[in-house]
Every structure is written in structure tokens, then in C-alpha cells.
Amino acid sequence: MHPLLADPWIAAQVDAAVAPYVGRLPDDEVAWMREQLADTLANDPRAAQLARRLRPAQVEESGEVRRAPGGVVTPIGAARRGKKTG
Amino acid sequence: MLAEVDLVRQGLPLVQMVSRRIARRLGGQVGLDDLTSIGNLALVEVARSYDPSRAAFTAYAASKLKWAILDGLRRETHGRSTAARVLALMASERLSEAEETRPESDAPTTPEQDQEALRGLLEGQAAAMALGLLATPHDPSVAPTPPTTPEEALASAQLRDAARRAVAELPARERALVERHYFGGEQFDAIAHDLGISKSWACRLHEKALGALGGAMRARPRRAAATCDRAP
Chain A
0 MHPLLADPWI AAQVDAAVAP YVGRLPDDEV AWMREQLADT LANDPRAAQL
50 ARRLRPAQVE ESGEVRRAPG GVVTPIGAAR RGKKTG
Chain B
0 MLAEVDLVRQ GLPLVQMVSR RIARRLGGQV GLDDLTSIGN LALVEVARSY
50 DPSRAAFTAY AASKLKWAIL DGLRRETHGR STAARVLALM ASERLSEAEE
100 TRPESDAPTT PEQDQEALRG LLEGQAAAMA LGLLATPHDP SVAPTPPTTP
150 EEALASAQLR DAARRAVAEL PARERALVER HYFGGEQFDA IAHDLGISKS
200 WACRLHEKAL GALGGAMRAR PRRAAATCDR AP
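Chains A and B supply the protein sequences, listed in that same order.
To convert, note that position 73 of the first sequence is 72 in numbering that gives the first Met the number 0; the numbers rise steadily by one, no gaps.
To convert, note that position 136 of the second sequence is 135 in numbering that gives the first Met the number 0; the numbers rise steadily by one, no gaps.
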């Protein structure tokens, strides 16, 4: 599988483009078309530029926070990272 | 000015590069050696026809070699599946080249416009490949399509029919270009010549036609689904 297809946003763009052909062309040809479209997104300058502009930034943790008594606010991701285990 | 022999020497790594890329895009259906050998033969003619006043050798040769290899494959490939993929790749590459020749606009765009542009580009590419895969190989040496299940045969026939109906709705010149190339098996350059238009203009018409087809193909399954939903 083309490495770009591991990205859910890229896969969604590609899947939308091949949707009219799913079930109408053999599965292996649809899979091949998906690979080619991922290749287009990687190598076609215009497609790559559009994808760079549109693709949502990767979010590593949510913006959820914990409010402790006294008004102390801690991001939940940070609290989890700091939590001791074992 | 570089002599032909120097240009050939300079072009050898390009043959390797272009061959590897085509081999990868064909999903390993054709051996790298076969592609390289077509490319090496073509390189001599590429060096001979190069005009330094028009383009850098690398860009010129990469494009010429790509088309020479794809065209050589189209003529020499005897397996239906590989022949179909070669036609699909040629359609995809033609679309990309038309996109590259379009002048860049500095006008700012909204995310909605960018999303629409990306969707149109991918839909056009998908339509180009689907048409290539559906195209009738007119070379009698190409092996017939291997037997498929009745369901696959029916689905493929329905898609071909949907594509033909979408093509029939295109403006006259675009329709002629697409019908004659994909369903009539005629060479793209010959059709452009016959229509009295340049190859680059034909590429732009092809791009426009494929963009329209991509949108039409997207709309068709929805209409079919709506019909089914209404059925008792």
C-alpha cells in the first residue's frame, strides 16, 4: 500500500474519487487506482500543494483540561504523561 | 553544444529513473529490464531530436522517454490487464501534463476553492484511469479479457455504458477526442491532427473533458441509488 494512504485524510480524498468505480471495476483495479491517486498526491506539484494547504494539522492531544480546586488548570494529556505507573 | 553521444550518456540515468517510476506505477506487471530496453532505444532518437534552444535536456528527455516507453509498452504488451493499465497510465500522465502547462495564478483562494480544485483533480485522474481501463484494445494481438464472474461482467458493462452516456454529453470536439481515443482506439496525436488542433490544445480539451466526466460519474451512482430506493 502507498504510504500516504495510511493518512486518514488522504485516504478519504482518494476514496471519494474512486467511489463511482467501486463495485463497477474489479477490486484489484480499484485498489490500483487508489495507489495511483496517492502517487499523484505525492508527485503532482499542483495536487501536492493543494493537499498541503488543506490537510488538517496533526493534533497530538485534545485540548481537554482538568480544573483542580483553586483554579489550577492542567491539560489532561500532560496530566497523563506525568502520571506515574507501576 | 553537447554532441549526441554526450546527450545519450547524460540520458542513461534518466532512462533508469523513468523506467523505475513506470514499473512502480504498473504494479510490477512489467519487468524493469523490458522498460529500460525500450527507453535505451528511444534515447538515441531523443538525443537526435533535442533542440537546446527550446528546453533543458533533462526535462525534455524525461518527458520524451516516458511517452516512448509507454507507447512501446502499448504496442508490445500482449496481456489484457497490463495493456489496460498502460492505457490508464497514459491517460493519467496526459492529464498531469495538461495541468503542468496551465499558468499559475497568484490570486488568493479560499479553503473551499482549494477543496473543490483538489476534488476535481482527483476525480479527473480517476475518470482518466477508469476510461483507460475500460478502453477497447484494438490491437488484435492483445489477449481477450479473461473470464470474469457474471456480476463483474455486468458491473463492467454498466460502467462502460455510464461512461459512454457521460461522454455523449460533452461538447463536440471534446466528445470526438475522448470517443475516438478511448472507444475507437485511435492515437491521441492523430486525432488532434485530424481535428486541426495542436497537441497541447488537445491535452487541454482532454483535461476539460475528463474533469467533466469525473463529475458526471460521481453523480451517476447517486441517481442509480435513488432509483433503487424508489423501487418496490
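Backbone N, C-alpha and C define an ideal beta-carbon position, used for all residues, glycine too.
Taking the DSSP output, what are the residues bridged to valine 21(A)?
-> Leu24(A)
Entirely within the segment 122-206 of chain B and at least 4 residues each: give me those alpha helix (DSSP H) ranges in chain order.
-> 149-167, 171-177 and 187-194
Which whole-angstrom value is the C-beta distance of leucine 49(A) and isoleucine 9(A), which I expect to be below 8 Å?
-> Not confirmed; about 12 Å, so no contact.
Does the segment 45-64 of chain B come within contact of the segment 161-175 of chain B, defined as at least 3 CB pairs closer than 8 Å?
-> no
Flag this pair as yes or no: are the beta carbons of alanine 90(A) and histidine 1(A) separated by less than 7 Å?
-> This structure cannot speak to residue 90(A), because chain A is shown only from 0 to 85.
Considering only C-alpha positions, which residue in the set Met32(A), Arg52(A) and Ala5(A) is nearest to alanine 18(A)?
-> Met32(A)
With C-beta atoms as the reference, is alanine 46(A) less than 7 Å away from glutamate 122(B)?
-> no
Anyone know if the C-beta pair for leucine 204(B) and leucine 169(B) falls short of 7 Å?
-> no
Closer than 7 Å to chain A by CB, serine 16(B) | In the sequence as displayed, the identity of residue 16(B) is methionine instead of serine. With 7 Å as the cut-off, methionine 16(B) does not count as an interface residue toward chain A.
Examine the Cβ distances between the segment 189-205 of chain B and the segment 74-82 of chain B and report whether three or more of them are shorter than 8 Å.
-> no
Do alanine 83(B) and leucine 132(B) have their C-beta atoms within less than 7 Å of each other?
-> yes
Roughly how many angstroms lie between the CA atoms of alanine 142(B) and arginine 54(A), to the nearest whole one?
-> With a pLDDT of 48 at alanine 142(B), under the threshold of 50, the predicted position of this residue should be treated as unreliable, though the coordinate-derived value follows. Each residue's alpha carbon lies about 43 Å from the other.
So, is the C-beta of alanine 224(B) closer than 7 Å to a C-beta in chain A?
-> The predicted position of alanine 224(B) is uncertain, since its pLDDT is 39 and thus under 50; a value taken from the coordinates is nonetheless stated next. Cβ-Cβ to chain A under 7 Å: no for alanine 224(B).
Leaving aside the five residues before and after leucine 25(B) along the sequence, list all residues of the same chain whose C-beta is less than 6 Å from its C-beta, in chain order.
-> Arg84
From which residue to which residue does the alpha helix (DSSP H) around glutamine 48(A) run?
-> 44-53
Which residues in chain B sit within 7 Å of aspartate 38(A), going by Cβ to Cβ distance?
-> Arg24
May I ask you to report which of helix, strand or coil DSSP gives tyrosine 49(B)?
-> coil
Would you mind reading off the limits of the alpha helix (DSSP H) that contains threonine 57(B)?
-> 56-75
Cα-Cα, which of Ala58(B), Leu120(B) and Asp33(B) is closest to valine 45(B)?
-> Ala58(B)
Could you pull out every residue in the same chain whose Cβ sits closer than 7 Å to the Cβ of proline 7(A), ignoring the five residues on either side in sequence?
-> none
For the segment 42-53 of chain A, enumerate the residues whose C-beta is nearer than 8 Å to any C-beta of chain B, in chain order.
-> Asp43, Pro44, Arg45, Ala46, Leu49, Ala50, Arg52 and Leu53
Report yes or no: is there a C-beta of chain B within less than 7 Å of the C-beta of arginine 132(A)?
-> Residue 132(A) lies beyond the range of chain A shown here (0 to 85); nothing can be said about it.
Measuring CA to CA, which of Asp33(B), Glu3(B), Asn39(B) and Val4(B) is closest to leucine 13(B)?
-> Asn39(B)
Are any of the Cβ atoms in chain B nearer than 7 Å to that of proline 19(A)?
-> yes
Report the neighbours of methionine 216(B) on chain A: residues whose CB is nearer than 7 Å to its CB, in chain order.
-> Pro19
Is threonine 39(A) helix, strand or coil by DSSP?
-> helix
Could you tell me whether the Cβ of alanine 116(B) comes closer than 7 Å to any Cβ of chain A?
-> yes
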